[in-house]
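Report on the structure given below.
Protein chains in written order, with the working numbering: chain A, 85 to 366; chain B, 10 to 387.
Quick look at the structure:
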C-alpha cells in the first residue's frame, strides 16, 4: 500500500496528522547533538511522503529537504529524513516526539545517516534535532525556535506582563554555537564506565595484541558528551600471568578521534574476540 | 451561569464543586491537554479508545529482555508487574481524593512476532525492536509509542451520543462507539539498547522502567506530550529518576478529559478565555498555563483553538493564567507543543518559584469568577 502525499497544501490537519509525533527522550545538549550527528545542515522542506515498510509492518514518513548550508558532514543537495508514523489512507499513526515539518519552512537539522538505509537520514534525538527558522516580523532577523525540552524558566512578574521572553535565538548566534560545539575538543570524564565488545585482535609481539572494540550502548557521560553505541575503541592487550591486561588508548566518536586512558582485564582463556567488557576511564 | 468569551486578561477564581456542576463532560478543546486529534469535517476531535476499554499484551520472545534489570537494587519487581503498575497509575489515579477517570485496562496473553502490528488491534509492549531506523545510536530515544487512529469521513460529527461504526483490524473487527474519532491500535516499543531498572529507587545509569512505561502508556491511551516539565507526559526523562511514575494534575485532568468518570463533571471547574493579538485577533495554538495561586505550582497547560479561545478544566482553587511565548511564524502556524520549548517554574531547583513570596505576586494574571463549560461533548 502506497500513497504519495503532497502534504504541503494548506490543509493543516493533514500535516498535523501525517507528521507523527518518541516519546521518552534523554535531553541532549547542543554539544551532544553536534557530536552525535553525521550531518548538521540548514535546509528547507521540499516534499513529504508516507509509506509502509517492505514488511508492511510499519509506517514511515519521508521528508525531503533541500540543503542550504552545511555545518558538519558532506551531504548531497537534498536529503530524505525518515521518521516513524504518518498517514496512509485512513491509517493515521501518531508517534509523539517526531518532528512536525512545516511546508517550505527552514530548519537547522541534526541528522544521522541511517545504518539500515544509508540513503535516508534520521533526526538525532528525535524532535531535539530540528530547530525551525522564522523571520521576526519586527526586526526581520532570522531566529530559531528551540525544540520542546529547552525549558524556559520564568521569573515572577505581575499585571499584564504575563508573557515572558520567548525561547528563540538568532540564527547567526546559533550558527556560532554550532561551530563552537563542533570544534570543542572532546574529553572522556574520569570514572566513565564504557561497556564494549571486542571485535578483533591482532598479534603485536610476544604476549601482546592490538585490540579493537565497539561500545554496546549509548553513553551520555556528561552534558557535553555522547558516545554512541558502536563507537570504535582501540587499545593494546598484554598477557600478564593468567589474564590479558588491556590499555585502551583511543575512541572514535562519529569519526573524531578522542584520546582515552582506561584499563580492563580479561581472563586469558580462549579468544578475546567477542568478549564483553566494561572499561573504566581513569 | 453564563459562558463568556473573554480576553485572557481577566480575573477568575474557580469555585468549588457546586459552581462546576453543569455539562462539563468533555468538550472540543482543539489542543488542550494535547490529545491525538483528527479533523472531522473541520472539527478537531480527540481520539479515544472505544468504550474506554484497553487491553495490552507483552511481546515475549521467550526470554526476558536483557536490557531490563529485574534483580538488582532495592525491591526490584518483575517486568510485567512494573508494566501493570504503569497502566494502573492512569486507571486508578485520583485527584484530591476524587476518582475522575473511568477507563478499563486489562493485560492479555503474551504474543510473539505479530505480522502487522500497527493495524492489527493488538496493543503490544515490546523490547525486541532491533530496527536501526527506530532507535539510531547516540540519539537518546528511550522508547516510543505508535498510536493508530481513525475518524468518520462522512460529514460533521452528530449530536453528542450519536453512535459511529468503524471497521478496523485489517477489516476483521467492527467497533461501535459514540466517539467520532478513535484509537484502535497502540504499540509501545522500548529501546533494546537502553538500560532499564525495576528497582526503587532505580539503579544509577538505568532508566526507571515504570516511569518510562507510565509515559508511554499515556500515549497508548491517547495523550500527546505536555509542556509542563514535571508531568508524566513531559517528553524528557533521565537515568536514576523515578518522579514520572505518578501522574501529575496535568496528566490526570488530561486522561480524565478523555475518559471522564461521573465525578469529573461535578468536581471540575473551567477557566476559559481568549488569547488575542492586536495584529491578528485570536491567536491559534497559544500555550496557556494555569498556576495555582496559593502554592505557586504549575497545574496544567493547553493550547488555544483556532480563534484563540481556550477552556481548561481545573480542580477547585485559585489560579493565575499565563500565556507563554508564542512561537512566531511566517505563515506556517503552530500546531503542537512540539513547537514549544517547554516551560517550568517552581518544580525544578533551577527554576525560580512561580510566585514571589515577598510580594505575593505570581507569574501570569489572576483570574476570578467561575465559568462553566456548556459546549458539546463528542
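Here a beta-carbon is modelled for each residue, glycine too, at the ideal position from N, C-alpha and C. Since the structure is predicted, the reported quantities are computational estimates derived from the model, not experimental observations.
Taking the Cβ atoms as the reference, residue 210 of chain B lies roughly 33 angstroms from residue 131 of chain B, outside the contact range of under 8 angstroms. According to the DSSP assignment, residue 157 of chain A belongs to no alpha helix (DSSP H), since it is labelled neither H nor E. Residue-level contact by beta carbon holds for residue 140 of chain A and chain B, with a gap shorter than 9 angstroms. Contacts with chain B at 9 angstroms (Cβ-Cβ) do not include residue 128 of chain A. Residue 155 of chain B sits buried, since 16 or more C-beta atoms from the chains shown fall within 10 Å of its C-beta.
Identification of chain B residues near residue 164 of chain A by a Cβ-Cβ cut-off of 8 angstroms yields none; the smallest Cβ-Cβ distance measures about 12 angstroms. The Cβ atoms of residue 282 of chain B and residue 297 of chain B lie closer than 9 angstroms to each other.
For residue 293 of chain A, DSSP records a beta bridge to A/287 and A/321.
Taking 9 angstroms as the threshold, the shortest C-beta distance from residue 204 of chain B to chain A falls below it.
The continuous alpha helix (DSSP H) containing residue 91 of chain B extends over residues 88–100. For the options A/351, A/332 and A/350, the alpha carbon positioned closest to that of residue 342 of chain A is the one of A/332.
Chain-order list of chain B residues neighbouring residue 178 of chain A: 45, 156 and 158, by C-beta distance under 7 angstroms. A straight line joining the alpha-carbon of residue 76 of chain B with that of residue 202 of chain B spans about 7 angstroms. Exposure of residue 334 of chain A is indicated by the presence of fewer than 16 other C-beta atoms within 10 angstroms of its C-beta. Bounds of the alpha helix (DSSP H) holding residue 227 of chain B are 218–230. Below 8 angstroms, enough C-beta pairs join the segment 115–128 of chain A and the segment 139–154 of chain A to call them touching: three or more.
For residue 147 of chain A, no CB of chain B lies under 9 angstroms from its own CB, so it is not counted at the interface with that chain.
With its beta carbon less than 9 angstroms from one in chain A, residue 247 of chain B belongs to the interface. Taking CB atoms only, residue 233 of chain B has a neighbour in chain A less than 9 angstroms away.
The straight-line gap separating the alpha-carbon atoms of residue 227 of chain B and residue 264 of chain B is approximately 8 angstroms. Taken through DSSP and simplified to helix, strand or coil, residue 112 of chain B comes out as coil. Shown in chain order are the members of the segment 60–88 of chain B whose Cβ falls below 9 angstroms from a Cβ of chain A: 76. Cβ proximity to chain A below 9 angstroms picks out 248 and 253 from the segment 248–270 of chain B. At least one beta carbon of chain B lies nearer than 9 angstroms to the beta carbon of residue 201 of chain A. Within the model, the alpha-carbon separation for residue 219 of chain B versus residue 92 of chain B is close to 7 angstroms. By the C-beta criterion, the segment 62–74 of chain B is judged to be in contact with the segment 118–127 of chain B, since at least 3 inter-stretch pairs fall below 8 angstroms.
Straight-line measurement puts the Cα of residue 163 of chain A at about 7 angstroms from the Cα of residue 204 of chain A. Using a Cβ distance threshold of 9 angstroms, residue 109 of chain B and residue 327 of chain B do not count as a contacting pair. Around the beta carbon of residue 177 of chain B, 16 or more other beta carbons lie within 10 angstroms, which makes this residue buried. Leaving aside the five residues that flank residue 172 of chain B on each side, the residues in its chain whose CB is nearer than 8 angstroms to its CB run, in chain order, 185, 186 and 187. Contact annotation: the segment 314–333 of chain A does not touch the segment 138–152 of chain A, with fewer than three C-beta pairs closer than 8 angstroms. Taking 4 residues as the minimum length, the alpha helix (DSSP H) runs contained wholly in the segment 254–289 of chain A are 255–267, in order along the chain. For residue 127 of chain B, the chain A residues whose C-beta falls within less than 8 angstroms of its own C-beta are 141, 142, 143, 175 and 177, listed in chain order. Residue environment: residue 216 of chain A is assigned as buried (16 or more neighbouring CB atoms within 10 Å of its CB, all protein chains considered). Ranking A/118, A/123, A/145 and A/349 by CA distance to the CA of residue 131 of chain A puts A/145 first. Not flagged as an interface residue toward chain B: residue 323 of chain A, since no C-beta distance is shorter than 9 angstroms.
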